[in-house]
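What follows is a set of notes on a single structure, which appears directly below.
In our numbering, the protein residues as written are 708 to 1058.
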């Protein structure tokens, strides 16, 4: 059931459902989440079951926007390093998740049994209205991974969520997600911050904040510690090699390789018999570069700006899936900081 998230009565209904241990489709600025009371292991278990998510994969806990010492942060985190507080002050509310040491006895199921926990303060008015209303009913925070089946394409509209879970799930409609890809994740449990997942908040912006504050902390890349943690459970959401995947096969190619592959497909199409299958049947192209496309190819132009691609990426993959294509050929994004989040999602979708 989809309700208007701008309706105060719908927000109160959602808060009551959460306090009763039920699930909710919740809009955020990144993607829609499948939310439950982070403090209730039974409620969190419903998230894992609904998504088909392995229980050792930690969830991100979403917090209400609070001034001062941020009691929600202190409720879940045993310790907040000074550099982490700088990032909170700079980027919350917003699409940044911090992995922090977890307080003993708090949100063990949401943390996937780990001694750390991912925390975020979303910058979406409907999400914040629900968080504030739920907090008034005793819910300290909401565990809310993306509202899709495990490993599949994340939802960026209420209709996407309903397509995943049916009409039995209560969903608040907050419109299309502004950012469109999941939050940046930074591990703050080590001596220096480590980037686990790129997003809209880039490594350059994070380092600018740390440098401006005069701290020696600088963002490290997860590759530096990957060898030591490869066999361990994921530290955070979205870290599996294959993730965000549509049903169609995604193939990443630079513009030159894409043009060559399309030229070969065009030759094969022109030489196909009238009874044979064309090489381009049920194929889609998502690219920035103008290309000569064979007949029958589903074409979706890729916007030139990274933020615009992020905003539409998951919706585009879903739309191409719904068009019935078997393969989606995607032009590789530029290798620059602002494209890092999009590149990460596409690489995992193609794995």
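Every residue gets a Cβ at the ideal spot worked out from N, C-alpha and C, and that includes glycine.
Quick check on this structure: which residue in the options has the alpha carbon closest to the alpha carbon of residue i?
i	options	result
residue 773	847, 754, 737, 744	847
residue 1060	804, 802, 823, 798	Only positions 708 to 1058 of the chain appear in the structure, and residue 1060 is not among them; the question remains open.
residue 1045	1014, 718, 878	1014
residue 896	907, 873, 929	929
residue 1052	1023, 1033, 1032	1023
residue 726	712, 916, 749	749
residue 766	881, 711, 889, 778	889
Give me whichever residues DSSP pairs with residue i in a beta bridge.
i	result
residue 958	1036
residue 891	803
residue 796	DSSP, once it has assigned bridges, lists no residue as partnering residue 796.
residue 768	826, 850
residue 740	733, 853
residue 990	1034
Output yes or no for whether 8 Å exceeds the beta carbon distance between residue i and residue j.
i	j	result
residue 852	residue 754	yes
residue 1054	residue 959	yes
residue 998	residue 966	yes
residue 900	residue 739	no
residue 769	residue 829	yes
residue 761	residue 834	no
residue 736	residue 884	yes
residue 1031	residue 877	no
residue 1002	residue 850	no
residue 886	residue 1017	yes
When burial is assigned at 16 or more other CB atoms within 10 Å of the CB, is residue i buried or exposed?
i	result
residue 961	exposed
residue 874	exposed
residue 756	exposed
residue 996	exposed
residue 832	exposed
residue 1042	exposed
residue 796	exposed
Within the same chain, show all residues whose beta-carbon is closer than 6 Å to that of residue i, passing over the 5 residues directly before and after it, in chain order.
i	result
residue 838	771
residue 1040	1046, 1049, 1050
residue 973	1001
residue 932	Confidence in residue 932 is poor, its pLDDT being 48 and thus under 50, which makes the residue's placement too unreliable to answer from.
Who are the Cβ neighbours of residue i in its own chain at under 7 Å, not counting the five residues just before and after it?
i	result
residue 722	837, 840, 841, 844
residue 871	854, 855, 856, 862
residue 925	899, 914, 917
Got a sec? Which residues, its chain only, sit under 8 Å from residue i by beta carbon, not counting five neighbours each side?
i	result
residue 891	802, 803, 804, 902, 904, 905, 906, 907, 908, 909, 913, 1048
residue 1027	953, 955, 991, 993, 1005, 1007, 1035
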